[in-house]
Amino acid sequence: MTEHNFDKERRRLLQALVSIGLVAGLDTLLPTYARAGNAGAISPAAGRVPGGPARDVVMDLHIRRQAIDIAGGRASAITVNNSLPGPLVELWEGRNALLRVHNHLDESTSVHWHGILLPFTMDGVPGVAYPGIDPGETFEAHFPVRQYGTYWYHSHTGIQEQLGQYGPLVIHPQSREDHIPADRQYVLVLSDWTFEDPHHVLARLKKMSDYYNFSKRTVEDLAEDISQAGLQATVRDRLAWGSMRMSPRDIADVTGYTYTYLMNGMHPEGNWTGLFRPGERVHLRVINASAMSYFNVRIPGLSMSVVASDGQNVEPVETDEFQIGVAERFDVVVEPREDRAYTIMAESMDRSGYARGTLAPRAGMSAAVPSLRDQPNRTMIDMGMAMDNMNAMKQDGHATSGKSEDDSLALMEPAGPIIAHHGPDQHGPGNVTVANVQRNRLAERGTGLKDAPHRVLTYSQLRNTRRMADRREPGYTVEIHLTGNMERYMWSFDGEKYTNADSPIDFPYRERVRLVLVNDTMMEHPIHLHGMFMELENDQGEYLPFKDTISVLPGSRVSLLITANEPGRWAFHCHFLYHMDMGMFRVVRIIPTDSEGARDA
Numbered sequence: 010m011t012e013h014n015f016d017k018e019r020r021r022l023l024q025a026l027v028s029i030g031l032v033a034g035l036d037t038l039l040p041t042y043a044r045a046g047n048a049g050a051i052s053p054a055a056g057r058v059p060g061g062p063a064r065d066v067v068m069d070l071h072i073r074r075q076a077i078d079i080a081g082g083r084a085s086a087i088t089v090n091n092s093l094p095g096p097l098v099e100l101w102e103g104r105n106a107l108l109r110v111h112n113h114l115d116e117s118t119s120v121h122w123h124g125i126l127l128p129f130t131m132d133g134v135p136g137v138a139y140p141g142i143d144p145g146e147t148f149e150a151h152f153p154v155r156q157y158g159t160y161w162y163h164s165h166t167g168i169q170e171q172l173g174q175y176g177p178l179v180i181h182p183q184s185r186e187d188h189i190p191a192d193r194q195y196v197l198v199l200s201d202w203t204f205e206d207p208h209h210v211l212a213r214l215k216k217m218s219d220y221y222n223f224s225k226r227t228v229e230d231l232a233e234d235i236s237q238a239g240l241q242a243t244v245r246d247r248l249a250w251g252s253m254r255m256s257p258r259d260i261a262d263v264t265g266y267t268y269t270y271l272m273n274g275m276h277p278e279g280n281w282t283g284l285f286r287p288g289e290r291v292h293l294r295v296i297n298a299s300a301m302s303y304f305n306v307r308i309p310g311l312s313m314s315v316v317a318s319d320g321q322n323v324e325p326v327e328t329d330e331f332q333i334g335v336a337e338r339f340d341v342v343v344e345p346r347e348d349r350a351y352t353i354m355a356e357s358m359d360r361s362g363y364a365r366g367t368l369a370p371r372a373g374m375s376a377a378v379p380s381l382r383d384q385p386n387r388t389m390i391d392m393g394m395a396m397d398n399m400n401a402m403k404q405d406g407h408a409t410s411g412k413s414e415d416d417s418l419a420l421m422e423p424a425g426p427i428i429a430h431h432g433p434d435q436h437g438p439g440n441v442t443v444a445n446v447q448r449n450r451l452a453e454r455g456t457g458l459k460d461a462p463h464r465v466l467t468y469s470q471l472r473n474t475r476r477m478a479d480r481r482e483p484g485y486t487v488e489i490h491l492t493g494n495m496e497r498y499m500w501s502f503d504g505e506k507y508t509n510a511d512s513p514i515d516f517p518y519r520e521r522v523r524l525v526l527v528n529d530t531m532m533e534h535p536i537h538l539h540g541m542f543m544e545l546e547n548d549q550g551e552y553l554p555f556k557d558t559i560s561v562l563p564g565s566r567v568s569l570l571i572t573a574n575e576p577g578r579w580a581f582h583c584h585f586l587y588h589m590d591m592g593m594f595r596v597v598r599i600i601p602t603d604s605e606g607a608r609d610a
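Just add 9 to wherever you are in the sequence shown, counting from 1, and you've got this note's numbering.
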């Protein structure tokens, strides 16, 4: 039996067990915050983030390898305090935290506190901030808590994160002004799980980058394209994709072929449930803790008010769906008024699977689960092509132009304005395309959502609740290109993978820096800067939203402002785990100068 057929049979068996009530106990390793909503009779505290008076926190995290029941099967995982996801770390702004990480593995490990402002030596990145935590050793992260919001933690060693070493982190605000009024709070941790050895997953991607992609263009697709755009335009389109060694259906590197998508550690059939009383305000802290998966999140029948992004409050945005990149967080408030269940649907961006949970007034209830929608397609816009004069391709395979708007395919969707053009640097053999035209795509919906018949959140809608503290014009600009070769599974910045980079990226201490990211590849990349917030330049004047992870659409140019006031060496990388492992990683260095202006390099 092939692995693919085995996986399908496993899922059928799980569904059968669910239907006859024989999956009791499969969530025994779930942490308390994940199980609270399933506990039975409703109470005002059911499933809520515990909260309480502000206090200093001392917490021990024990990292172990264990055999667990997960996603309908038995597997070896890396757990934190005997659970997957790990326990909720709950802190208070203005107080102190002492987090002790105990390594019970037979290999080195680490924990990175994603999005947390702290001394760089506590940041948890081996080879950048410290050597890592050896077997049998304990590492202490001791720091004052300087922020509020929704965050998470995870291993930054090898592929341990894919094996389950991650968990949520919530910081309660010191100021009532930053408090989000709600009757209940739930943490929703989205993740992807594979029963394959993650090293084997990466090895397969290196040998055949589309190994997990079973959705290919068909004869029926060809006929439909010809009927819509004509034979000549269709042939030109297919030749362009062929020269890139890409398919318009290359949406995700790793798909539901091997992944089971989890919500708070539970498979869709397990139906994680959060309880509410009709009329209550329910605060959902949504964390994408996956290794490689974007999700489209919606709650059919309920509108959502987006109130925070990457931990920091924004002016409320009413919407019906949002796309969340790897490592991003969105806080939303919903107000279910009817005495019925609602499905929380987190559909993978490539539509190969979903995570699912339920909001309900009583335990055991469920609502209809929407069918998976049609898989989206990449477009010539994602190639970084203009919509005019698209009738030529360079001999070396780099996309520079193409067909006219009149004979464009339906795949040529409307896009944001062109704001820059690519220079002559093609970034070497590690890069197969360049975004000849670079667009501002912040007002565009995420991949696959442009035709959704309801409201969809865009980055352009995010507006900070507070005026920018640093309103200086940037005196320093750093432009970085996101580069890759999908066929050879090579990923890098500016065509150089981390091991070949000559030096760190230097930000002048205390200066205002503009960081420009240009995506020359044909897929999204969730880019994370450790140690400090970035302010997204999205035309919100002096109320630019904070981000610590930004999803950069293909063919787009994104600008962020940074105040470089956090000394140290900070990791900067794509948060696709396998992209980072293959070299899409650098170090940002911020070093104070002495009285004579000398820097300690």
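Don't be surprised by glycine CBs; every beta carbon is placed ideally from N, CA and C.
When beta bridges are read from the DSSP output, G366 appears opposite W281, I353. Rounded to the nearest whole angstrom, the CA to CA distance from R64 to L107 is 12 Å.
The beta carbons of L178 and Y162 sit closer together than 8 Å. Assigned with DSSP and collapsed to three states, Y507 falls in helix. Nearest C-alpha to P601 among M543, Y518, I536: Y518. Measuring C-alpha to C-alpha distances from G279 to each of P287, Y270, D69 identifies Y270 as the nearest. Secondary structure of F129 (DSSP, three-state): helix. Nearest in C-alpha terms to P144, of all of H165, R73, L93, V210, is R73. A buried status is given to A138, since no fewer than 16 other beta-carbon atoms sit within 10 Å of its beta-carbon. At a Cβ-Cβ threshold of 8 Å, A355 and M272 count as neighbours. According to the DSSP assignment, D590 belongs to the alpha helix (DSSP H) that extends over 586-590.
By the Cβ test, the stretch 507-516 is not in contact with the stretch 547-554, since fewer than three Cβ pairs between them sit closer than 8 Å. Comparing alpha carbon positions, the residue from I353, D319, Q384, H588 closest to H539 is D319.
I536 counts as buried, since no fewer than 16 other beta carbons sit within 10 angstroms of its beta carbon. With a contact defined as Cβ atoms closer than 8 Å, M499 and G564 miss out at about 19 Å.
Distance from the CA of W281 to the CA of Y160, rounded to the nearest whole angstrom, comes to 21 Å. F204 and F594 have their C-alpha atoms spaced approximately 27 Å apart.
The alpha carbon of A317 has as its nearest neighbour, out of R475, Q384, R349, the alpha carbon of R475.
Residue nearest to W202 within the set N449, S85, F502, T456 is S85 (criterion: CA-CA distance). In this structure, N528 lies near A444, with their beta-carbon atoms less than 8 Å apart.
Counted as a single uninterrupted DSSP element, the stretch harbouring L466 is not any beta strand (DSSP E), since DSSP gives it neither H nor E. If you draw a straight line from the Cα of V198 to the Cα of P426, it comes to about 35 Å. L293 has its alpha-carbon roughly 18 Å from the corresponding atom of A376.
In this structure, the CA atom of P423 is about 32 Å from the CA atom of L214. By the C-beta criterion, the stretch 184-199 is judged not to be in contact with the stretch 162-172, since fewer than 3 inter-stretch pairs fall below 8 Å.
Annotated three-state conformation of E186 is helix, per DSSP. Taken through DSSP and simplified to helix, strand or coil, E170 comes out as helix.
A residue is called buried once 16 or more other Cβ atoms fall within 10 Å of its Cβ, and K556 is buried on that count. In this structure, the CA atom of H181 is about 26 Å from the CA atom of E330.
Distance from the CA atom of V561 to the CA atom of L526, rounded to whole angstroms, is 8 Å. Membership of A150 in the beta strand (DSSP E) is indicated by the continuous run 147-153.
Residue range 175-181 is occupied by the beta strand (DSSP E) that includes H181.
Among the bridge pairs identified by DSSP, Y162 is matched with W122, G176. Distance from the Cα of A350 is smallest, within the candidate group N305, R365, M389, for R365.
When the five nearest sequence neighbours on each side are left out, the beta carbons in the same chain lying within less than 7 Å of the beta carbon of E347 are those of P287, in order along the chain. In this structure, the straight-line span from the alpha carbon of E520 to that of M477 is close to 15 Å.
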